[in-house]
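Worksheet for the structure shown next.
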Amino acid sequence: MGCLFSFFFRPTASADIVETPRQVFSWEKEDRQAIRKEDFILDKLKNETIYRLSGSINGQQFIVQNCDNCTVYVFDHTGQIQIDDCTNCRILIGPVHGSVFIRDSTNCILATVCQQFRTRDCRDLYVYLSCTSQPIIESSHNIKFGCLTLNYDKLAEQYKLADINPWNNTWGNIHDFTTIPGGNNYSLLDQNENLFKHLPIPIDPSCSHMNINDNMETSVTPFTYGELYRHRNEERCLVVFFQNSNADSCARELILMAKQSEIVLVQTKYFLINEMSASRLFSGNTTYNSLVTKGPVIGLEFAGTNCIQICQQLLNNLIKLKYQNLSHFISQSATDANEQLQKFYNFANNERMTATGVSSIDKNASPGDQQRLNEGNGNDYEDKIVQEFSHLLEKSKQLFNGLRDLPQYGHKQWQPYFGRTFDVYTKLWKFQQQHRVLLDKKYNLKRWQIGEIASKIGQLYYHFYIRTSETNYLNEAFAFYSAIRTRAYYSKVNREEKPDLMVKKLRYYARFIVVCLLLKKTKIMRELVCELNRQIDEYVKAYDPDDSLEWQLVLNEISTFIDVDNQLNIDHIPITLSYRLNNSLVPPLPIGSEKILSNIQLYTVEEILIIGNYQDQIKFSELTIDMYRMLQAVEKQSIESTLSYDEKTTVQSPTSINHQQRDIYNFHDGDFQHRPNPHKYLLYKPNFSQIYAFTASAFKELPNHGILLLYISADGYDTHLKSKIEQSYDFGGVKTNNRRDDTIENSNSPPTSTTNTLGKKSPPSSSTITTTTTTIGSIKDIHNIFPGDLYPFLRKPLFLIIDSNNSIAFQNMPNLFGQPFVSLLSPIKLPTVFHDYQNKGSLFTLFLTSPIYAFCFVCHLNDLTNEQWNLCQEHINKIIFEITKLFLKSKLVDSTIYHFFADEFLRLFLSRFVFCYAVLRLHRAFKGSGFYPSSQPQLSNDLLENVQIHKMILELSAVLNVRQLFLEGPLTTTDLISSNQ
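Quick note on numbering: this note's numbering labels position 236 of the sequence shown as 240, and the sequence is numbered without any gaps.
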């Protein structure tokens, strides 16, 4: 693997000629003082005022959590800010080099300067902001944003230390992930709502020398109206100051004078313009072309009546009286100004994509391009090519970002948008191929930019797979991700010395690994993990970033997830199990079944919800191990997937995506009824609202004769009521995600519940249901799913699978509407010997998705010979097939079961359920009814306690030399009575 890494990322020969001194990192400095964790975390404070003065944080991460009615002042630059679960707090944070993330907070006031800003699950906030990127809110309500105007001693210096330029502020350009029809979750404050109207000015003596104020005239970040003024129909003016030591001062004086003349400052920008962009912006004036080479420019957008004339007069006076020979540009007419502003902002947004520097590229320019380049007379043509590429690139990014605004549920809304986005990316991919040499010369196109386009196409294919369950799209995502790797598009990102590009590279690796994981490409996946490990090391050493621990956590999650998925060895070699359905696994309907099923309405699974809410279960990329297994168990294995994944070649080169593009456009709503795999939603640790919204959407989309399969893998919740009468809510249910994590009070204490997941240590309990509770008396916790919450969805056929240590709460659900309903419920207890494996996945889910692996697990087998493995597969397939026959032979089976029996997925789940019950029933370690799964309607004993099935299981145990783990023989009637007592 190391050789593979060096092959793709080896330095060039020229890199070895120049010897550069080794970088000295912060932790290697002799004068580095010991860092006390408690100095950077404010936790569980109430009614307190806290100060952190200049030099006390010094670029470190800072956390505020679980505080109530506190006032926090941080007059220093920080690396990253995290605010969680705060109420009635007032917080002022100096410049933040990274991101500010506030979650689960209510009725707070926050003022900060940062690179990135995001909220989640917040309400009733005042946010005074200076932010260099687009602020983001998610699942938040009544958030009021204002432009931060602030100054205090050393603030300007802290801006520089945090690598923030005060001229880049997009405080009001909010992106809302969870918009509401006909309204907004946020509003913008005008200049009258200044900061210290809501946040008290600090009066502590330690701050008396700092001259703290929110005066607009002295603020480090100028006050801008931004989106408050974006759609007003008033004259605009663009003023540009070129690199000069006096440019900043002149710009600030012009702003003050314009304000006195009732001219409004809408927005400011500070960025580097290349010569080609300057020529387009300034109508070919070569004077400006040379000026932009000196460094970044300051751009000001003014608005108001006669603002061009007024700004010209004010600026002329400043230049004559104080700033002679200061190079600048100012709009001459209103028509020109509008066009100039549009170009100016486009160039600002594309700055990262058009950084200077020549890249090494594939020389595959079209013959027409090559001829024009050789003739040297195609300037107009070249400009048109560059303009078209820039247009396609900008449009593709807008459409891609717009996909985030689409609801994640429902079929009709997202389909046209995905089609449009694919269309633009198809054109963009072909366009850069046809004009590669020209774009290299005129646009400075780099290989990592090509890789970024390919990565976006891969992401589109992956998300199309998520939304349609079509595994072919997963293969297409692999094709593009694989091309990025084999063609080394990201190989020279390290030389750019831009941490954001390194992060893009790391994210690409993480996405590629997820695709390989789902496609069972184990060999490639392990190589990618090795490469990702090395890339993270380089990233950390080069930049000492704030998110280094997060990336290390990602790497650990990946490694742990892969290890758990490859625990079974055949001839001492780990194997990767396939959970997908293939013809060899599907038990056929026995001869004569037509007579039984002919008079029964048959249904098929059309919509699936897979919910993973186990707090401590192993996960990666918002997939718990249970979710990962179940999502594959409801997919049919494609013909291509039956080949050796690590040896076969890619189905399709990313150079041609036309046929798949047409498939995407032609995948209309009616086609969903004929797809090979049911449509599914994956919900990782959702809250109650999300579960209900997605379930309602799936319910709405369910066609005639369709079944909704609802799978919930979650920690149990018990009301602990002394008197449990009402079935709907008194017996508890399963937990949902009421906040990002469990309460801080319980985070460091050992768990008190005994779950049936394979992983986290948990002490056994003698009680039948051992779950935690957060309620008092008869009041139920609102952040949970109770049986009664599912009653409305019984109006259509429902197949329910509950995997929880409180699954018993979902027994005896009333069939209120007479529609077919079946539930499979997990055991609520697990033998002590298996407690150490609980976070590695649920045993019940393992039986439903891979009965072979589940049987080996309960027998403590992780290393088999190839002969044993083949015999095990053969025996278990025979048992499953025999169980299927018994369903149709039995005269005691509830007829409701037969409504679901025509569906291959559900038929297999039902047969595997009986196999699970029989294995646990015979196993010596599982003693008592709480250790066995249950169902509704309850299956008859001629199925669950079938002597023939018991004999076959005992024969299997003998083949694997684990006969001693099971009872001496098939259970008799006496055994059944005694074991259930």
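Where is the CB? At the ideal position from N, CA and C, for every residue including glycine.
- In this structure, DSSP gives C71 a state outside helix and strand, which the three-state scheme calls coil.
- DSSP places E305 in the uninterrupted beta strand (DSSP E) bounded by 301-307.
- The alpha helix (DSSP H) runs lying completely inside the stretch 913-960 and spanning 4 residues or more are 945-948, given in chain order.
- Around the beta carbon of V951, fewer than 16 other beta carbons sit within 10 angstroms, so the residue counts as exposed.
- Around the beta carbon of I389, 16 or more other beta carbons sit within 10 angstroms, so the residue counts as buried.
- As the crow flies, the alpha-carbon of A338 is around 52 Å from that of D541.
- Beta-bridge partners of Q65 (DSSP): Q84.
- Bounds of the alpha helix (DSSP H) holding Y513 are 503-523.
- Going by beta carbons, V738 and I786 fall outside the 7 Å limit.
- L295 has its alpha-carbon roughly 43 Å from the corresponding atom of N188.
- In the structure shown, E531 falls within a helical segment according to DSSP collapsed to helix, strand and coil.
- Segment contact: the stretch 605-621 against the stretch 698-717, three or more CB-CB distances shorter than 8 Å; contact assigned.
- One thing to note: V100 has its Cβ within 7 Å of the Cβ of C118.
- 7 Å or more divides the Cβ of K844 from the Cβ of V441.
- Pairing L572 with I579 gives a Cβ-Cβ distance under 7 Å.
- Comparing alpha-carbon positions, the option among V428, H179, Q539 lying closest to Y512 turns out to be Q539.
- Annotation for L192: F149, G176, E231, L232 place their beta carbon closer than 7 Å to its own, counting only its chain and skipping 5 residues before and after.
- Boundaries of the alpha helix (DSSP H) harbouring G423: 418-438, taken from the DSSP string.
- The straight-line gap separating the alpha-carbon atoms of L165 and R240 is approximately 34 Å.
- Secondary structure note for H903: its alpha helix (DSSP H) is the uninterrupted segment 899-904.
- Residue environment analysis places S144 among the buried positions, since at least 16 neighbouring C-beta atoms fall within 10 angstroms of its C-beta.
- In this structure the stretch 888-899 does not lie against the stretch 963-971, because fewer than three pairs of beta carbons, one per stretch, are closer than 8 Å.
- Taking the C-beta atoms as reference points, G102 is found no nearer than 7 Å to H81.
- The DSSP assignment places complete alpha helix (DSSP H) segments of no fewer than 4 residues inside the stretch 463-492 at 475-490, in order along the chain.
- Straight-line spacing of the CA atoms in Y77 and N173 works out to 22 Å.
- In this structure, the straight-line span from the alpha carbon of N217 to that of C74 is close to 21 Å.
- Under DSSP, P818 takes part in no beta bridge, so it has no partner.
- Taking all protein chains in view, the Cβ of Q344 is crowded by 16 or more other Cβ atoms within 10 Å, so the residue is classified as buried.
- Taken through DSSP and simplified to helix, strand or coil, D793 comes out as helix.
- E871 and V638 have their alpha carbons spaced roughly 29 Å apart.
- The Cβ neighbour count for G63, taken over all protein chains shown within 10 Å, is at least 16; the residue is labelled buried.
- In this structure the stretch 266-280 does not touch the stretch 321-341; the number of beta carbon pairs closer than 8 Å is below three.
- In the pairwise beta carbon analysis, the stretch 683-703 is classified as not touching the stretch 591-608: fewer than three pairs are separated by under 8 Å.
- The Cβ atoms of L407 and V428 do not sit closer than 7 Å to each other.
- Here the alpha carbons of I805 and V68 stand approximately 39 Å from one another.
- For S331 against N248, the beta-carbon gap comes to about 6 Å, under 8 Å, which counts as contact.
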